[in-house]
Amino acid sequence: MGELLRAEHLKKYFKTPSGVLHAVDDISFSIDSGDTLGVVGESGCGKSTLGRVILKLIEPTDGRIIFEGRDITRVTDKENIELRRKMQIIFQDPYSSLNPRMSVMDLIADPLKTFRLQSSADRRKKVFELMDMVGLSRRFASSYPHELDGGRRQRIGVARALALEPTFIVCDEPVSALDVSIQAQILNLLQDLQEQQGLTYIFVTHDLSVVKHISTDILVMYTGIMVEKCEAKELFAKPMHPYTKGLLSAIPVPNIDRVREKVALRGELTSPVEPKPECRFVARCPFATDICRREPPTYSEVLAGHFVSCHNVREINGL
Amino acid sequence: MSLLQINDLTIHYVTRGGTVKAVNGIDLSIEAGRTLGLVGETGAGKTTSALGILGLIPKPPGKIISGQILFEGADLLKASQGKMRMIRGNDISMIYQDPMTALNPILRVGDQISEVIIQHSGCSKAEAREKSEGMLETVGIRAERAADYPHQFSGGMKQRAVIAMALACNPKLLIADEPTTALDVTIQAQVLEMMRELKDELGSSMLLITHDLGIVAETCDDVAIMYAGEIVEIGALERIFHNPRHPYTLGLFGSIPSLDKDVRRLNPIPGLMPDPADLPSGCKFHARCAHACDDCGSGSTELCETERGHFVRCRRVAGGEI
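Heads up: the sequence lines are chains A and B, in that order.
Using our numbering, you'd call the opening residue of the first sequence number 3 and step up by one each time.
Using our numbering, you'd call the opening residue of the second sequence number 1265 and step up by one each time.
Laid out in structure tokens, this is it:
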């Protein structure tokens, strides 16, 4: 299928008292219709900001966003609102993203009301359909969020996102707040909906096993920049950037027979405020050389479809 | 003799809205120098069990209905408040889940560590300061940072400081309640590595509470799986990971997306954890279990030894049917 969304050199800088924070710094990618792009990284790497910039919930500082072949970077507010019908978001925390004073019925009907799409009787019918679709029993229609557990609340979040029949959804850590058995139920739901309705996802998460499971392609972020991007399988089979290697070897795996290559990362995330002209990963990198301290690396296609941003990528991986 | 032996511990919270049966007759033991992983989902009763060991259950509404907690042979449930104060932080100490709230924001980090040392060793302030700086160095924080306040530390550093505090008096038993849940993976890996090293150096035993089977695989010697206030499966790490028997344990493994294999669809456990204020009769898991038969809904299910040192609480496994 064809390309649905493309980002070109997207940037989002925030002014802070201590300097300019480069939350998203020169990110480019494209997603084909029906695919899932996983965006992974640790807290503060800019992955959620990226998701919000794509949806125009935050204005980008620079760069272009092309959706369905049309440049949507600078559009009027009115057009922006129309775009929301096609581009939706599922939030991380099903506890704070739902208005506690609205019933499940009102919460799911809310997007329909905003766009004055249907009569109230039709809306009711539509809400019940959506509840069936996301596996939420109809008897909860008049319940309030506090009466429901996290998994059911997240199903409300999914139903709200689906109400306007969008083509594209940003899933911002939709399962991070849930227990594993419930997490698996929601992941299966998101996959089923994608297949049935041909949805396209950006799936933002810090959990690498989740992202591997659900994504077609994966983009790894580190303090605002993209360090590596390729097909999901390839990333796990052949991680090339030292950060990706470190990240992969840091995940505790529930398998006691597996012997893995360990790349231990020292130190912690460096600040994306007024970054120095060097590789942003240099302080933690076990393979750093002089050039890494002199200039930031460029982003290049090392193997077909496999992009890495590292000066020494060829030496490290013996290419 | 085990360092810690818990027999038939039952803890309920009695509230106006009903009785919350948080922990229902658990038995477990930890040998000296070993690490036991206590695994379960939200509401399984893991944290209540840990607080029970430390005598920190708020009463009311908490109520210890029955049981024994034998630490070096003495029953902690019978110990006086004063005696418990001597034990907490000294013989048994705890690492809390959230390092952001476990530290006092208006006291310097060094002083918070010194406090534990002065309380238990009765040494002078100067000695305690020296020792607390030494502890910070042990966990990888430069000694001069002892004068900082918690907000000047990153999340990973705060958790290291909390660990330094817990280890300051060389405890015999360390209880770690989801010690890395609030941290990023690369920082989590550093903290877990450090905890393993320090535990071995000090020869402490550890009770590690977690919901992450990956962390258990990398850190523990023995595993106990908890569900609705009961231990449903317990045994050595290899036994549980190579030969999990209880349907709930199998369900947990099936819910985790694998990094090694390509699984198109996950196999989650259907339904939800029962409300601990309204537990089902019979096996607590029967309503979500694919193997449940009519009998499972009534009577009580006992732990049964399926192979040496491997116990499972399931009638159908015990009967050899699954």
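Cβ coordinates follow ideal geometry from the N, Cα and C atoms, glycine included.
Secondary-structure assignment with DSSP links residue 1332 (chain B) through a beta bridge to B:1271. Nearest to residue 1423 (chain B) by alpha-carbon distance, out of B:1394, B:1469, B:1571, B:1367, is B:1367. With respect to chain B, the C-beta atom of residue 221 (chain A) has no partner C-beta closer than 8 Å. Its chain contains 228, 230, 231, 232, 301, 302, 303 as the residues whose beta carbon lies nearer than 8 Å to that of residue 309 (chain A), once the 5 sequence neighbours on both sides are disregarded; these appear in chain order. Rounded to the nearest angstrom, the gap between the Cα atoms of residue 57 (chain A) and residue 1277 (chain B) is 46 Å.
For residue 170 (chain A), DSSP records a beta bridge to A:89, A:202. When only Cα atoms are considered, residue 1437 (chain B) and residue 256 (chain A) end up about 25 Å apart.
Comparing alpha-carbon positions, the option among B:1527, B:1543, B:1502 lying closest to residue 1492 (chain B) turns out to be B:1543. Residue 1430 (chain B) sits away from residue 1396 (chain B), with the two beta carbons spaced by 8 Å or more. For residue 136 (chain A), the secondary structure class from DSSP, reduced to helix, strand or coil, is coil.
Residue 1529 (chain B) reaches chain A at 190, 193, counting residues in chain order whose Cβ is nearer than 8 Å. Of the candidates A:125, A:240, A:265, A:240 places its Cα closest to the Cα of residue 307 (chain A). By the CB criterion at 8 Å, residue 1519 (chain B) and residue 42 (chain A) fall outside the cutoff.
With contacts defined by Cβ atoms closer than 8 Å, residue 1552 (chain B) and residue 1534 (chain B) form a contacting pair. Close CB contacts of residue 318 (chain A) within its chain, under the 8 Å cut and outside five residues either way in sequence, are with 242, 244, 289, 312 (chain order). Looking at the DSSP output, residue 15 (chain A) bridges to A:24.
Interface annotation, residue 1276 (chain B): not in contact with chain A, CB-CB separation never under 8 Å. Apart from the 5 residues on each side of it in sequence, residue 1362 (chain B) sits with its Cβ closer than 7 Å to the Cβ of 1446 in its chain, given in chain order. In the DSSP assignment, residue 1282 (chain B) falls within the beta strand (DSSP E) that extends over 1282 to 1294. Between the alpha carbons of residue 1536 (chain B) and residue 198 (chain A) lies a distance of about 25 Å. Residues of the same chain with a CB within less than 8 Å of the CB of residue 130 (chain A), apart from the 5 flanking positions on each side, are 140, 143 in chain order.
Contacts between residue 241 (chain A) and chain B, judged by CB atoms closer than 7 Å, are missing: the closest CB pair is about 12 Å apart. The beta-carbon of residue 256 (chain A) is placed less than 8 Å from the nearest beta-carbon of chain B. In the DSSP assignment, residue 292 (chain A) falls within the alpha helix (DSSP H) that extends over 292 to 296. Under the three-pair Cβ rule at 8 Å, the region 1315 to 1333 of chain B does not count as touching the region 1402 to 1410 of chain B. Within the region 1500 to 1520 of chain B, the residues whose Cβ lies closer than 8 Å to some Cβ of chain A are 1501, 1502, 1505, 1506, 1515, 1516, 1517, 1518, 1519, 1520, listed in chain order. Rounded to the nearest whole angstrom, the C-alpha separation of residue 27 (chain A) and residue 1489 (chain B) is 44 Å. For a Cβ distance threshold of 8 Å, residue set 1524 of chain B lies close to residue 260 (chain A), ordered along the chain.
Between residue 282 (chain A) and residue 291 (chain A), the C-beta spacing is not below 8 Å.
If you draw a straight line from the Cα of residue 24 (chain A) to the Cα of residue 50 (chain A), it is about 13 Å long. Residue 1473 (chain B) is outside the set of residues whose beta carbon lies under 8 Å from a beta carbon in chain A. Under DSSP, residue 1327 (chain B) takes part in a beta bridge, and its partners are B:1276. Taking 8 Å as the upper bound for CB-CB distance, residue 1439 (chain B) and residue 1275 (chain B) are not in contact here, some 15 Å apart. Residue 1564 (chain B) and residue 1547 (chain B) have their alpha carbons spaced roughly 7 Å apart. The C-beta separation of residue 168 (chain A) from residue 87 (chain A) comes to about 7 Å, placing the pair in contact by the 8 Å criterion. Chain A has a Cβ within less than 8 Å of the Cβ of residue 1418 (chain B).
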